[in-house]
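Since the structure comes first, as structure tokens, the remarks are kept for the end.
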Amino acid sequence: MKTKIKPILYLTFIIPLLVNCSNTKPMQEDKDLKTEIKGKEYTGLIVAYPFVNKIGEEMPQYHEHYFLSNIGEYFIKKSESHYQADLKEMINCYVRVDASINDGLWDTNDPNVQSRVGPYITIESIELIDIPVKIIYNDGSSNAYIITPTNYKYDPVIPEESSSGVYSGGEARDFEISQEQFNEIFIRAEGISKNKTLQIESRMMGTGYIRLIFENS
Numbered sequence: 228m229k230t231k232i233k234p235i236l237y238l239t240f241i242i243p244l245l246v247n248c249s250n251t252k253p254m255q256e257d258k259d260l261k262t263e264i265k266g267k268e269y270t271g272l273i274v275a276y277p278f279v280n281k282i283g284e285e286m287p288q289y290h291e292h293y294f295l296s297n298i299g300e301y302f303i304k305k306s307e308s309h310y311q312a313d314l315k316e317m318i319n320c321y322v323r324v325d326a327s328i329n330d331g332l333w334d335t336n337d338p339n340v341q342s343r344v345g346p347y348i349t350i351e352s353i354e355l356i357d358i359p360v361k362i363i364y365n366d367g368s369s370n371a372y373i374i375t376p377t378n379y380k381y382d383p384v385i386p387e388e389s390s391s392g393v394y395s396g397g398e399a400r401d402f403e404i405s406q407e408q409f410n411e412i413f414i415r416a417e418g419i420s421k422n423k424t425l426q427i428e429s430r431m432m433g434t435g436y437i438r439l440i441f442e443n444s
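Structure (structure tokens):
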């Protein structure tokens, strides 16, 4: 899948990725998103993090599941979800869910019992969707960013390849990334590819494009 995008996305897409790839953290929910959204379809990833106890210590033997999407990252509250199958098999899988977003208690339904509080998601059904094996972004100067679940490569234009004969995209970069970092990059790329206001029908000077490469494509 190939999506042509406006020049401004060079700033809004790639620059944050170069910064975040060395030190990522979970995406935060959209603060403008209203809570208690009922029965809507979302696409995103199922991810897992170690449980953190009341005093802030990680307990790696226990994991909690979250739903990572373009609108944010939400704790999955299994106790209120119709979908009750084990989510372990879904970790790092791209899925389409029929779900509701709420705001309230995470660990219990009893307001008299201590619990974490905040936005969470309850899931009615899950459908697996293919996740790309590679994301390629070419900016308006034809510098290439090639991203896989394990690697992030920047392949810049060199003067000999540029139309002017003098332009250089800078130094090449090639480094390892984690599956979690790839997940966040993919979610951002997928959001851009679905946002029609950022797309153009034909290539213009300064425009870039994103390609999502799937295993069987």
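Quick note: the sequence shown uses our numbering, first residue 228, plus one each step.
Just so you know, even glycine gets a beta-carbon here, dropped at the ideal spot from N, CA and C.
DSSP three-state call for residue i: helix, strand or coil?
i, result
"ASN378", "strand"
"THR434", "coil"
"LYS423", "helix"
"LYS267", "strand"
"ILE412", "helix"
Tell me the rounded alpha-carbon separation between residue i and residue j.
i, j, result
"LYS305", "ILE356", "21 Å"
"TYR379", "MET317", "24 Å"
"ALA312", "PHE441", "27 Å"
"LYS361", "GLU387", "27 Å"
"LEU314", "ALA326", "15 Å"
"VAL344", "GLY271", "22 Å"
"SER389", "GLY396", "9 Å"
"ASP334", "SER342", "5 Å"
"MET286", "ILE412", "27 Å"
"TYR381", "ARG438", "15 Å"
"SER405", "GLU300", "18 Å"
Opposite residue i in the DSSP bridges: which residues?
i, result
"HIS290", "PRO277"
"ASN329", "TYR347"
"ASN365", "ALA371, TYR436"
"GLY299", "SER296"
"ASP334", "Note: ASP334 sits in no beta bridge, so no partner."
"ASP401", "LYS380"
If we call anything under 9 Å between Cβ atoms a contact, is residue i one with residue j?
i, j, result
"ILE348", "ILE303", "yes"
"THR377", "GLU403", "yes"
"ASN365", "TYR276", "no"
"ARG400", "GLU354", "no"
"GLY367", "THR434", "yes"
"PHE409", "ILE374", "yes"
"GLY328", "PRO346", "For clarity, residue 328 is Ile in the given sequence; the question names Gly instead. Against a cut-off of 9 Å, the Cβ pair of PRO346 and ILE328 comes out as a contact."
"PHE294", "ILE350", "yes"
"GLU307", "ASN336", "yes"
Please classify residue i: is it buried, with 16 or more other beta-carbons within 10 angstroms of its beta-carbon, or exposed?
i, result
"HIS309", "exposed"
"SER296", "buried"
"VAL274", "buried"
"SER420", "buried"
"TYR289", "exposed"
How about residue i: is its Cβ closer than 8 Å to a heavy atom in the ligand MG?
i, result
"PRO359", "You won't find the ligand MG in this model; it holds no ligand whatsoever."
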